[in-house]
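**Student:**
Protein chains: 2
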Amino acid sequence: MTATLSRPESSDATDRHRLSVVGGLAALSLDAMASVAYGPEAIVIVLAAAGGTGLGFTLPVTLAIALLLGDLTLSYRQVIAAFPDGGGAYGVSRAHLGRRASLVAAASLIVDYVLNVAVSVAAGVAALTSAFPELLPYTVWLCLGALAVITTVNLRGIAESARAFIVPTAVFVGAILTVVVVGLFRAGPVAAVAAPEHVTNLQTIGILLLLKAFANGCAALTGVEAIANAVPSFRKPRVRRAQRAEVALGGLLAVMLLGLAVLIEKFSIHPVDGVTVLSQVTAASLGDGFGFYVVQFSTVVLLALAANTSFGGLPVLAQLLAKHNNLPHVFALRAERQVYRYGVGFLAITSALLLIVADGDMNTLVPLFAIGVFVGFTLSQIGMVRHWRRDRPRGWPGKAALNGFGALLTGLAAIVVTATKFAEGGWLIVVALPVIVLAMEWVHRSYRRIGERLELGRTPAPPRPDRSLVVVPVHTVSRLTRDALAAALSLGDHVEAVHVVDPDEDQAGFVDAWELWHPGVTLVQLHDERRRLGEPLVEHLRKHADCHVFVLIAEVEPEHPWQRILQNRRGAVLARALRRRSDAVVCRMRFRVPG
Amino acid sequence: MTATLSRPESSDATDRHRLSVVGGLAALSLDAMASVAYGPEAIVIVLAAAGGTGLGFTLPVTLAIALLLGDLTLSYRQVIAAFPDGGGAYGVSRAHLGRRASLVAAASLIVDYVLNVAVSVAAGVAALTSAFPELLPYTVWLCLGALAVITTVNLRGIAESARAFIVPTAVFVGAILTVVVVGLFRAGPVAAVAAPEHVTNLQTIGILLLLKAFANGCAALTGVEAIANAVPSFRKPRVRRAQRAEVALGGLLAVMLLGLAVLIEKFSIHPVDGVTVLSQVTAASLGDGFGFYVVQFSTVVLLALAANTSFGGLPVLAQLLAKHNNLPHVFALRAERQVYRYGVGFLAITSALLLIVADGDMNTLVPLFAIGVFVGFTLSQIGMVRHWRRDRPRGWPGKAALNGFGALLTGLAAIVVTATKFAEGGWLIVVALPVIVLAMEWVHRSYRRIGERLELGRTPAPPRPDRSLVVVPVHTVSRLTRDALAAALSLGDHVEAVHVVDPDEDQAGFVDAWELWHPGVTLVQLHDERRRLGEPLVEHLRKHADCHVFVLIAEVEPEHPWQRILQNRRGAVLARALRRRSDAVVCRMRFRVPG
């Protein structure tokens, strides 16, 4: 996940408002910390298929993941030094691997932003229902409710401050470390641990099972790139501080994961429906009293905030992609509130769909998560190798080797994860990534074609005035018509009033009233035996193809929105017909009527 | 129900295309004939509460209804003579009872149009599921599907011809008469009649039960006014032909209702879940072979066509109400296809809701039907009494007496029906009628106020040109901008290009490109620290309150609708802000780009 912090930053922010090591760690580690809530469970749930023996491999599998984490941490330490302006997977691959690879990275990031929301919300609700089992039947509704709250907050625009995240992150880390330390010194579990369910059809421990457990557990590695993406948010010296935060994050994460793995084995924890592994470990270590609820609540809060980071990240990424013409330009539109509402809406809708399809179950969603993450990791590592080879700073072969090793490991992990998870939903990601990339390619090609037609980047011929004709559709003799004609006459010398005759209505009455009024404007009467409104006008305008035609439509605009139902839609029907079938400029004038 | 035939009629149609007695009977009796499918069942279902003894009263109750039918037929014979231009309940009460009463009549007609659709569709599906019981679980879906088909056909616009209705109506009438005649000559039922379910808690036969059965059965009287509404559709001599058709309709309907009632008693038919009474009678009379399916299919077809008549009638009535400023003017909008799509949409949505609420069960809907019908009957009869008293033609006291007696009977029936049906959904109609009337009053008042403000009906001062300023928001230097400025320069002398600066974008680049281009138009740069698009422009325009301001927004319009997602929505955002918060005329120019 790229971080959310590019948003509050304004170019003239003083250094004092920027992040210290601790602040950056708190603000940027939400995703990574959150994965402590579902990572260990992802391992246990696979190993439990082989019963107690299988669960005995929790620690070795976690160790392997911790090693990969160590490598990633060091790799990103180097990314920070090389891209002090922030080096997300998209930025690094765009700089070093070309457009196509950068689109793959972008697609993997988009997929992961969406999955991060879905997984975090599902895991947060799982923490809640572990503490309050009576809420279990409402899992999906709780998920969608939480998502709705997060979406609403983000649509209204939040001026979030990194400092706001320090307290919940600190409480969560402190709580988890307490669980680990207390648990290590206990002889046995305080609260009763659920007896293992009778497991039939035990799998033997095979390399495949271990690979699967490893792949599943890799979900715990999501989020370690966030600090590397947000180097500009740190205080000077930026690179040093960001590097220290990155290393601290890797260290803390490794300690928590390994500590929990030790406790899982020590207390013989196994997966139980409706109770998360983390809450079982907590209960075994701290009992089911006050401490238990502190851990559960801090988990819920942290997961909600982790879901929120996607809402900071995806819209910013989408905006960048839109500016590079890879996504529709609406994603770069910030409109009246300072919010990229299209990005927020896209994120909310897709993650809601995922939650509904997965029935709000985090263990269905977690396996999908790691695939996109590793694709992004691998691409940015390869990009780094290219970077070192091109710039060749002192000691570059060692640095390139570290990143290359990282690319190898994460690339292998990507293959393992995809292969082992393919049937369990992994295919969805395998399909989604190329589809997103192709869609972005199509958008890019379309914009290039439009840009060529618009002669963007060239200096066009100067604008030259032409003859103009202002056509005013009239329907009654009234102030509305008078104001419309007055506006038209102020514009140009050639004004024409056009009356599309409705055979059901009293024509003579209108013509008489018009002649009595004598407004000094030519009146053209158009007849259509098929009673159409727009088509006769479109036909009529064809005769004036030699000049700029403006059609001025006057409409009554009631003050109150609920009075809109009183508007006749003639103006809208005309405007749509003109827009579709003529080149006339449609001008709409509103005549305000107090309600 | 008023008839649908005002639609295909065009003012220059020759007499040859108009209706003969038989044609008119077929074309205009759909509603009335359709009630044969649910009227007898409505009686039986009430009487069955008193067991076999209760069902013995089917014939007397039907006789009472037939007497009321006779009175109504004669009354409408007089309406035809008095209103040869077509005298619906709305028209008659508008002419003779004042606006408020005409609105009550209109509301009752609206309610009945909606109920006619719901009841006909439900009854048609009931006829279908009686023949094919395996379809029973899908009742609601079948109803909504049928409604969707009818709605789609009507939205596309149908050039229906009265002749198209002759065959299905004739087949239905012939089939029912065959059932009656064959049944009368049979000694006993051919097919086995279902044994009565064990009925506990029998009600005794009381006056209340009989009144209820009468009230329920009155649903069979819906539709007898259709011919009176459509006199202009008949061949000359119109009044005579229409009167003959009306009498023939009353006679046929009475024969069918009474014949079925006799058979119901003869074969001891009682209500069975999932099988209509009509299909039981048919099976008892004709057996369950070919004849049975002919009756069932002709019933389904007839009911579908009966539902369709509301789609001809309600939109025309709504259009008339809209022209009289009682409904929003959109109901009078026929747009491109010759269809009042708002009326059709309103009818489809409300009747779909009714079908969903009633779970597609016709016996839930039928009781609601009679209330509105009798309100309309009574109002038009009272209007007729007023009519005779005012015009005083030869023999007017007798005519007034007949209509007065009719008003008394139908008024009493309205009270009986409302009282006995109040708890079973009748309250819905009792609430809906005044709500609709009040809504129409509100619409009328609002339009009067708007009309005063617009000085409708007066001759306004002549339009006078004023100073004008054309503002062109610019964003790039491109052909789009050039074309927009060229159009603006063709309009007026005062043209101003306005650039709302996006702090995220390269400003200097734009200004340099502009100065290099040198289009000869003043460039105003607007800054907004809150990055808003519309507000800075609205603020800027406030400075030009002394002249007509036109804002010309140029937009790229891709050829294919699915390329719309590529449009940036800046134009739409600007247009909305200007519409809401300024008096500027918003002109939108489309720059077409081939796909």
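Note that the protein sequences, when read in sequence, are chains L and R.
Going by the numbering used here, the first residue of the first sequence is number 3, and it counts up by one from there.
Going by the numbering used here, the first residue of the second sequence is number 3, and it counts up by one from there.
Every residue, glycine too, gets a C-beta built ideally from N, C-alpha and C.
How long is the line joining the alpha carbons of residue 244(R) and residue 23(R), rounded to whole angstroms?
**Tutor:** Start at 1 with the first residue of the second sequence, and residue 244(R) comes out as number 242. Start at 1 with the first residue of the second sequence, and residue 23(R) comes out as number 21. Those two C-alpha atoms are separated by around 7 angstroms.
**Student:** For the stretch 433-467 of chain R, list every residue whose C-beta sits within 9 angstroms of some C-beta in chain L, in sequence order.
**Tutor:** Taking 9 angstroms as the Cβ-Cβ cut-off against chain L, the residues of the stretch 433-467 of chain R that qualify are 445, 448, 449, 451, 452, 453, 455, 456, 457, 458, 459, 460, 461, 462, 463, 464, 465, 466 and 467.
**Student:** Using the three-state DSSP reduction, which class does residue 496(L) fall into: helix, strand or coil?
**Tutor:** Residue numbering aside, residue 496(L) sits at position 494 when the first sequence is read from its first letter. Residue 496(L) falls in the coil class under three-state DSSP.
**Student:** Give the secondary structure of residue 552(R) by DSSP, where H, G and I count as helix, E and B as strand, and everything else as coil.
**Tutor:** Locating residue 552(R) in the second sequence gives position 550, counting from the first residue. Residue 552(R) falls in the strand class under three-state DSSP.
**Student:** Buried or exposed: residue 182(R), going by 16 or more other Cβ atoms within 10 Å of its Cβ?
**Tutor:** For the purposes of this step, residue 182(R) is taken as residue 180 along the second sequence, with counting starting at 1. With 16 or more Cβ atoms within 10 Å of its Cβ, residue 182(R) is classed as buried.
**Student:** Going along the chain, which residues of the stretch 531-553 of chain R sit with their C-beta nearer than 8 angstroms to a C-beta in chain L?
**Tutor:** For the stretch 531-553 of chain R, which is checked against every Cβ of chain L, the residues closer than 8 angstroms are 532, 533, 534, 535, 536, 537, 549, 550 and 552.
**Student:** By alpha-carbon positions, which one of 386(L), 482(L), 495(L) and 332(L) ends up nearest to residue 575(R)?
**Tutor:** Numbered from its first residue, the second sequence carries residue 575(R) at position 573. Selected option, being the one with the closest Cα: 332(L).
**Student:** Considering Cα atoms alone, identify which of 173(R), 473(R), 313(R) and 263(R) is closest to residue 295(R).
**Tutor:** Your numbering for residue 295(R) matches position 293 in the second sequence. Residue 173(R) is the option with its Cα nearest to residue 295(R).
**Student:** By the three-class DSSP mapping on this structure, what secondary structure does residue 542(L) have?
**Tutor:** Against the first sequence, residue 542(L) aligns to sequence position 540. Three-state DSSP puts residue 542(L) in a helix.
**Student:** Per DSSP, residue 593(R) is paired with what?
**Tutor:** Along the second sequence, one-based indexing puts residue 593(R) at 591. Looking at the DSSP assignment, residue 593(R) forms a beta bridge with 558(R).
**Student:** If you pair each beta-carbon of the stretch 363-379 of chain R with each one of the stretch 218-225 of chain R, do three or more pairs fall below 8 angstroms?
**Tutor:** Touching, yes.
**Student:** Can you give the Cα-Cα distance for residue 405(R) and residue 415(R), rounded to whole angstroms?
**Tutor:** Numbered from 1 along the second sequence, position 403 holds the residue referred to as residue 405(R). Numbered from 1 along the second sequence, position 413 holds the residue referred to as residue 415(R). Taking the straight line from one Cα to the other gives about 15 angstroms.
**Student:** Since residue 346(R) meets chain L, which of its residues come closer than 9 angstroms, beta carbon to beta carbon?
**Tutor:** For this step, residue 346(R) is matched to residue 344 along the second sequence. Result: empty, since nearest Cβ-Cβ is about 15 angstroms, beyond 9 angstroms.
**Student:** For a contact defined as C-beta to C-beta under 7 angstroms, what are the partners of residue 570(L) on chain R?
**Tutor:** In the first sequence, residue 570(L) corresponds to position 568, counting from 1. Here the neighbours are 331, 332 and 335.
**Student:** With a threshold of 9 angstroms between beta-carbons, can residue 501(L) be considered close to chain R, or not?
**Tutor:** Here residue 501(L) refers to the residue found at position 499 when the first sequence is read from its first residue. Chain R, which has no Cβ nearer than 9 angstroms to the Cβ of residue 501(L), makes this no.
**Student:** By DSSP's criteria, residue 527(L) is part of a beta bridge. Which residues make up the other side?
**Tutor:** Your numbering for residue 527(L) matches position 525 in the first sequence. Paired residues: 501(L).
**Student:** When the Cα atoms are used, what is the spatial distance from residue 251(R) to residue 516(L)?
**Tutor:** Along the second sequence, one-based indexing puts residue 251(R) at 249. Along the first sequence, one-based indexing puts residue 516(L) at 514. Each residue's alpha carbon lies about 49 angstroms from the other.
**Student:** Do you know whose CA, among 110(R), 92(R) and 54(R), lies nearest residue 603(R)'s CA?
**Tutor:** The question about residue 603(R) has no answer, for chain R in this structure spans 3 to 597.
**Student:** Using the Cα positions of residue 75(L) and residue 246(L), report the straight-line distance between them to the nearest angstrom.
**Tutor:** Taking the first sequence and counting its residues from 1, the one referred to as residue 75(L) is at position 73. Taking the first sequence and counting its residues from 1, the one referred to as residue 246(L) is at position 244. Distance between the alpha carbons of residue 75(L) and residue 246(L): 10 angstroms.
**Student:** Can you give me the Cβ contacts of residue 550(R) inside the same chain, cut-off strictly under 8 angstroms, excluding the 5 residues immediately before and after it?
**Tutor:** Along the second sequence, one-based indexing puts residue 550(R) at 548. The residues are 468, 469, 470, 471 and 587.
**Student:** Hey, residue 78(R) and residue 248(R): beta-carbon distance below 9 angstroms or not?
**Tutor:** For the purposes of this step, residue 78(R) is taken as residue 76 along the second sequence, with counting starting at 1. For the purposes of this step, residue 248(R) is taken as residue 246 along the second sequence, with counting starting at 1. A contact, by the Cβ cut-off of 9 angstroms.
**Student:** Counting only the same chain and skipping the five closest in sequence on each side, list residues whose C-beta sits under 6 angstroms from that of residue 107(R).
**Tutor:** Counting from one through the second sequence, the residue named residue 107(R) turns up at place 105. So the qualifying residues of the chain are 91, 92, 95, 378 and 381.
**Student:** Starting from the beta carbon of residue 235(R), find every residue of chain L whose beta carbon is closer than 7 angstroms, and list them in chain order.
**Tutor:** Counting from 1 along the second sequence, the entry for residue 235(R) is found at position 233. The contacting residues do not exist; residue 235(R) stays about 17 angstroms from chain L at best.
**Student:** Could you give the C-beta distance for residue 366(R) and residue 427(R), rounded to a whole number, given that I count them as a contact under 8 angstroms?
**Tutor:** For the purposes of this step, residue 366(R) is taken as the residue at position 364 of the second sequence. For the purposes of this step, residue 427(R) is taken as the residue at position 425 of the second sequence. The Cβ separation is near 7 angstroms, so the contact holds.
**Student:** For residue 498(L) and chain R, any beta-carbon pair shorter than 9 angstroms?
**Tutor:** Taking the first sequence and counting its residues from 1, one reaches residue 498(L) at position 496. No, no contact with chain R.
**Student:** Taking the straight line between their C-alpha atoms, what separation do you get for residue 100(R) and residue 304(R)?
**Tutor:** On the second sequence, residue 100(R) is found 98 positions in, with the first residue counted as 1. On the second sequence, residue 304(R) is found 302 positions in, with the first residue counted as 1. Distance between the alpha carbons of residue 100(R) and residue 304(R): 37 angstroms.
**Student:** Against chain L, which members of the stretch 397-429 of chain R pass a CB distance test of less than 8 angstroms?
**Tutor:** So nothing in the stretch comes that close.
**Student:** On a Cα-Cα basis, can you pick out the residue from 40(L), 86(L), 41(L) and 113(L) that is closest to residue 431(L)?
**Tutor:** Sequence index remark: in the first sequence, residue 431(L) carries index 429 (1-based). Of the listed residues, the one whose Cα sits closest to residue 431(L) is 113(L).
**Student:** Going by DSSP, which residues form a beta bridge with residue 473(L)?
**Tutor:** As a position in the first sequence, residue 473(L) is number 471, starting the count at 1. Looking at the DSSP assignment, residue 473(L) forms a beta bridge with 498(L) and 553(L).
**Student:** Within a Cβ cutoff of 6 angstroms, which residues of the same chain sit near residue 287(L), ignoring the five residues on either side of it in sequence?
**Tutor:** Counting from 1 along the first sequence, the entry for residue 287(L) is found at position 285. For residue 287(L), where only same-chain residues beyond five positions count, the Cβ hits under 6 angstroms are 181, 184 and 185.
**Student:** So what's residue 21(R) in DSSP terms, helix, strand or just coil?
**Tutor:** Sequence index remark: in the second sequence, residue 21(R) carries index 19 (1-based). In this structure, residue 21(R) counts as strand in the three-state DSSP scheme.
**Student:** Could you list the residues in the stretch 514-531 of chain R with a C-beta less than 9 angstroms from some C-beta on chain L, going in chain order?
**Tutor:** Under the 9 angstroms Cβ criterion, the stretch 514-531 of chain R contributes 515, 518, 519, 520, 521, 522 and 523.
**Student:** Using a 10 Å radius around the Cβ and a threshold of 16 neighbouring Cβ atoms, would you call residue 147(R) buried or exposed?
**Tutor:** Counted from its first residue, the second sequence places residue 147(R) at position 145. Under this definition residue 147(R) is an exposed residue.
**Student:** Put residue 424(L) into one of helix, strand or coil per three-state DSSP.
**Tutor:** On the first sequence, position 422 is the one that residue 424(L) refers to. Helix at residue 424(L).
**Student:** In the DSSP output, what is residue 85(L) paired with across the bridge?
**Tutor:** Translated into positions along the first sequence, residue 85(L) becomes position 83. Residue 85(L) pairs with nothing; no bridge assigned.
**Student:** Give me, in chain order, the residues of the same chain whose beta-carbon lies closer than 8 angstroms to that of residue 233(L); leave out the 5 immediate sequence neighbours on both sides.
**Tutor:** Residue mapping note: residue 233(L) aligns to position 231 of the first sequence, counting from 1. Same-chain partners within the cutoff: 82, 85, 86, 87, 88, 89, 240, 241 and 244.
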